[in-house]
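Undergrad: Just add 12 to the spot in the sequence shown (first one is 1) and you have the working numbering. Glycine included, C-beta positions come from ideal geometry on N, C-alpha and C. Since this is a predicted model, take the numbers as computed values, not measurements. Dropping the structure in here first, questions after.
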Amino acid sequence: MRKPRRRSRQKLEGRRSPSPYSLKCSPTRETLTYAQAQRIVEVDIDGRLHRISIYDPLKIITEDELTAQDITECNSNKENSEQPLFPSKSKKTPSKGKKREACSKHTSGTSLHLPQPNFRVVDSFKQSDAPPLPTAYYRYIEKPPEDLDAEVEYDMDEEDLAWLEMVNEKRRDDGYGMVSAETFELLVDRLEKESYLESRNNGTQHSIIDEDAFCCVCMDDECHNSNVILFCDICNLAVHQECYGVPYIPEGQWLCRCCLQSPSRPVDCVLCPNKGGAFKQTSDGRWAHVVCAIWIPEVCFANTVFLEPIEGINNIPPARWKLTCYICKQKGMGAAIQCHKVNCYTAFHVTCAQRAGLFMKIEPMRETSINGTTFTVRKTAYCESHSPPGTVKKTGIVKEEREEEGSSGPPKGSLKKNQVKLKQKIKKEPSEGTDGRSSMPMMTVAQIPSYRLNKICSGISLQRKNQFMQRLHNYWLLKRQARNGVPLIRRLHSHLQSQRNAEQKEQDEKTSAVKEELKYWQKLRHDLERARLLIELIRKREKLKREQVKVQQAAMELWLTPFNVLLRTTLDLLQEKDAAQIFAEPVNLNEVLYV
């Protein structure tokens, strides 16, 4: 068996391998013994199995050397191909053993050498200083507020130029002097700064946001990170993002549609007679409450993400316009909805129902049919008579009556009286909106007192000065109103924003301090509760120890004096038999002998 293996090994040694080391190739996979497996490693190259002994010295060949070796082989093959096909017999081809020796000499001659660093130290080198700054280098130093108040910071725009040209043309026709642009900028600058000082002295920088405010569309005060409550910076309207169609929280100032497009003039809802609340424009340019558009079946939104514009006003049937609201008693004013109770045709406006605190609920419905699963919305609204008992009124005029009557519900006899009180209270407050705010948005422009206006006028010399100052003051108020109360000087606006951020930061610090204190007391209460439980466990342990000691005492007594234990038990039984305690006292011997 060994002789054929030697012959195959000799043939493989004669064949040139890709590396200087000749691999042992086995045509068939033979199982190695344990001794062979300890000193031989099997390698699979090009589908052939080679076995290498771990004791053989191997040389490391880099990829560059292997590539150079392949190039030399290609050149040698090319030279051989250029020779005649039938060489003379006198020439002898070198043997395979000699070729392998030459290849090994070539690889040993081209050994790998690492590069050596070569450098020198220059003694005359001297590091230079930083180059001087150029003469055109500028640095901005902000002036203190006292100096800025004395300067004119306001710059005219095209609207100011048009207004000033119109005023100067009229003054020229009347024969009075012209007003220069510098004078106009000076007066507007003084008006802005006086307004800022007045608002700072009165503390009317901004309205404080109520933390317990609820959405005027869904009447819910809960909010999440993806559906927060937004407040309008002018009318302080509180709405959810999803309820008003604001998919992204805006940066900086946010205004509702009513304050953005009609800031100075109140708008009327085409679907109800009430004012105030969350408005959106219809497709024909009118206005309507968002909650009215949600509850009236024929009305819809063209864009369900932004909830605008409102469409379908013309699809409302004439019978709905003729319904009379039983709360406000107005007929033909808007479109009313009816109670969902069977055979109850009581009609009421959506906003009137919100003010009265009637039961109104919107819930999603999932319906599964043969065609698939569909999602719909079910709207349920009841009048005062058919509202479910025990419903919680989040807002409305009937809240006080419900709190006084209690959770048991009103008696049958007092139902009509409550309805009369409800109608009277609604009639007393016809001008208020659904959210309790006035219909006219409040601008944050501080009114300048007359003595300050006279002080501003005293610094200039003009003909008909008081008349021009009055016109300028009205123009300035209109411009501030058009800018939603934002100051015309950027520095004052940024200062207001920074002051608001500082106050908000201070409020947040106070809130965090209260939260930390609350956490401290909660932790203290938790520690006291743990101490109480630990003391209770100790008490139970000591009680068990006492019982154990008593048992040990009884066992020891039974072990040492068993007769005494028997006598004590017998005595206890006798005492139970002597209920009248006749034998409690010892018998007198004299009395016994006498008898």
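Considering only the alpha carbon of each residue, which of V258, D584, S238 lies closest to C683?
TA: The structure shown has nothing for residue 683, since the chain only spans 13 to 607.
Undergrad: Does DSSP classify G109 as helix, strand or coil?
TA: Mapped onto the sequence shown, residue 109 falls at position 97. For G109, the predicted structure reports a pLDDT of 48, less than 50, and the residue's modelled location is therefore unreliable. The matter cannot be settled from this model.
Undergrad: Runs of 4 residues minimum, wholly inside the stretch 137-186: which ones carry the alpha helix (DSSP H) assignment?
TA: Segments of the alpha helix (DSSP H) lying fully in the stretch 137-186: 157-162, 170-186.
Undergrad: Which full runs of the beta strand (DSSP E) of 3+ residues lie inside the stretch 208-289, going along the chain?
TA: With a minimum length of 3 residues, the continuous beta strand (DSSP E) runs that stay inside the stretch 208-289 are 241-243, 250-252.
Undergrad: Measuring CB to CB, does C281 end up less than 8 Å from A300?
TA: The residue you call residue 281 lines up with position 269 of the sequence shown. The residue you call residue 300 lines up with position 288 of the sequence shown. For C281 and A300, yes; Cβs fall inside 8 Å.
Undergrad: Cα separation between Q560 and I547?
TA: Reading the sequence shown from its first residue, position 548 is the one you call residue 560. Reading the sequence shown from its first residue, position 535 is the one you call residue 547. Taking the straight line joining both Cα atoms gives about 20 Å.
Undergrad: Indicate the three-state DSSP secondary structure (helix, strand or coil) for G324 in the structure shown.
TA: Walking along the sequence shown from the start, residue 324 turns up at place 312. DSSP places G324 in coil when its eight states are reduced to three.
Undergrad: In angstroms, rounded to a whole number, what distance separates the CA positions of A494 and V200?
TA: If you number the sequence shown from 1, residue 494 lands on position 482. If you number the sequence shown from 1, residue 200 lands on position 188. Their backbone Cα atoms lie some 16 Å apart in a straight line.
Undergrad: State the Cα-Cα distance for the pair Q593 and L586, rounded to the nearest angstrom.
TA: Taking the first residue of the sequence shown as 1, we reach residue 593 at position 581. Taking the first residue of the sequence shown as 1, we reach residue 586 at position 574. Between Q593 and L586, the C-alpha separation is close to 10 Å.
Undergrad: So, are the CB atoms of K182 and W307 less than 8 Å apart?
TA: Taking the sequence shown and counting its residues from 1, one reaches residue 182 at position 170. Taking the sequence shown and counting its residues from 1, one reaches residue 307 at position 295. For K182 and W307, no; Cβs fall outside 8 Å.
Undergrad: Using only CA atoms, which one of E177, E210, I57, G324 lies nearest to M168?
TA: Counting from 1 along the sequence shown, the entry for residue 168 is found at position 156. Cα-wise, what sits closest to M168 is E177.
Undergrad: If contact is defined by three or more beta carbon pairs under 8 Å, each pair taking one atom from either stretch, is the stretch 304-321 in contact with the stretch 523-543?
TA: No, they do not touch.
Undergrad: For E608, does the three-state DSSP call read helix, strand or coil?
TA: A query on residue 608 cannot be resolved here, the shown segment of the chain reaching from 13 to 607 and no further.
Undergrad: Tell me the rounded alpha-carbon separation between E603 and A596.
TA: Position 591 of the sequence shown holds residue 603. Position 584 of the sequence shown holds residue 596. Those two C-alpha atoms are separated by around 17 Å.
Undergrad: Can you list, in chain order, the residues of its chain whose CB lies under 8 Å from that of I66, leaving out five sequence neighbours each side?
TA: By one-based count along the sequence shown, residue 66 stands at place 54. The answer, listed in chain order, is R51, I52, V53.
Undergrad: For the stretch 264-276 against the stretch 288-300, do three or more pairs of beta-carbon atoms, one drawn from each stretch, fall closer than 8 Å, so that the two count as touching?
TA: Enough Cβ pairs lie closer than 8 Å, so yes.
Undergrad: What first and last residue would you give for the beta strand (DSSP E) that runs through L61?
TA: In the sequence shown, the residue the question calls residue 61 occupies position 49. Where L61 is concerned, the enclosing beta strand (DSSP E) stretches over 60-65.
Undergrad: Is the CB-CB distance between E206 and R464 below 8 Å?
TA: Taking the sequence shown and counting its residues from 1, the one referred to as residue 206 is at position 194. Taking the sequence shown and counting its residues from 1, the one referred to as residue 464 is at position 452. Yes; because the gap between Cβ atoms is below 8 Å, this pair is in contact.
Undergrad: Quick check on the DSSP output: what are the complete alpha helix (DSSP H) runs of length 4 or more inside the stretch 321-378, in order along the chain?
TA: Here the runs fully enclosed are 330-333, 362-368.
Undergrad: Between the stretch 183-192 and the stretch 470-484, are three or more C-beta pairs nearer than 8 Å?
TA: Contact holds: three or more Cβ-Cβ distances are below 8 Å.
Undergrad: Taking S399 and F371 to be in contact with their CB atoms under 8 Å, please state how far apart those CB atoms are, rounded to whole angstroms.
TA: Counting from one through the sequence shown, the residue named residue 399 turns up at place 387. Counting from one through the sequence shown, the residue named residue 371 turns up at place 359. Between F371 and S399 the Cβ distance is about 4 Å, and since that is below 8 Å, they are a contact.
Undergrad: If you count every other CB in all the chains shown that lies within 10 Å of the CB of N286, and 16 or more means buried, which is it?
TA: Position 274 of the sequence shown holds residue 286. By the neighbour-count rule (16 or more Cβ atoms within 10 Å), N286 is buried.
Undergrad: Would C364 pass as a contact of C337 if the rule is Cβ separation under 8 Å?
TA: Looking up residue 364 in the sequence shown gives position 352. Looking up residue 337 in the sequence shown gives position 325. Yes; because the gap between Cβ atoms is below 8 Å, this pair is in contact.
Undergrad: Give the single residue among A193, R558, E518 whose Cα lies nearest to the Cα of E170.
TA: Here the question's residue 170 lines up with position 158 in the sequence shown. Here the closest residue by C-alpha is A193.
Undergrad: For H252 versus N239, is the C-beta distance shorter than 8 Å?
TA: Position 240 of the sequence shown, counted from the start, is the residue given in the question as residue 252. Position 227 of the sequence shown, counted from the start, is the residue given in the question as residue 239. It is a contact, given that the beta carbons lie within the stated cut-off.
Undergrad: Exposed or buried, which one is Y152 when buried takes at least 16 other CB atoms within 10 Å?
TA: Your numbering for residue 152 matches position 140 in the sequence shown. Classification of Y152: exposed, given that the 10 Å Cβ count is below 16.
Undergrad: Buried or exposed: where does R492 fall if 16 or more other Cβ atoms within 10 Å of its Cβ makes it buried?
TA: Along the sequence shown, one-based indexing puts residue 492 at 480. Per the 10 Å Cβ criterion, buried.
Undergrad: Run through the DSSP bridge pairs and tell me what K391 is partnered with.
TA: The residue labelled residue 391 in the question sits at position 379 within the sequence shown. For K391, which the question treats as bridged, DSSP gives the partners I374.
Undergrad: If you count every other CB in all the chains shown that lies within 10 Å of the CB of C227, and 16 or more means buried, which is it?
TA: If you number the sequence shown from 1, residue 227 lands on position 215. Burial call: buried.
Undergrad: In the DSSP assignment, find the unbroken beta strand (DSSP E) run with Q479 in it and report its ends.
TA: Sequence index remark: in the sequence shown, residue 479 carries index 467 (1-based). Premise fails: Q479 lies in the alpha helix (DSSP H), 477-494, not in any beta strand (DSSP E).
Undergrad: Between Y387 and I246, what straight-line distance do the alpha-carbon atoms span, to the nearest angstrom?
TA: The count along the sequence shown starts at 1 and reaches residue 387 at position 375. The count along the sequence shown starts at 1 and reaches residue 246 at position 234. Note on residue identity: the sequence assigns Phe, not Tyr, to residue 387. Distance between the alpha carbons of F387 and I246: 38 Å.
Undergrad: Does N237 come within less than 8 Å of chain B when only Cβ atoms are used?
TA: The chain labelled as chain B is not found in the depicted structure, where only one protein chain is given.
Undergrad: Buried or exposed: which applies to N466, given that a residue is buried once 16 or more other Cβ atoms fall within 10 Å of its Cβ?
TA: For the purposes of this step, residue 466 is identified with residue 454 of the sequence shown, where counting begins at 1. Exposed.
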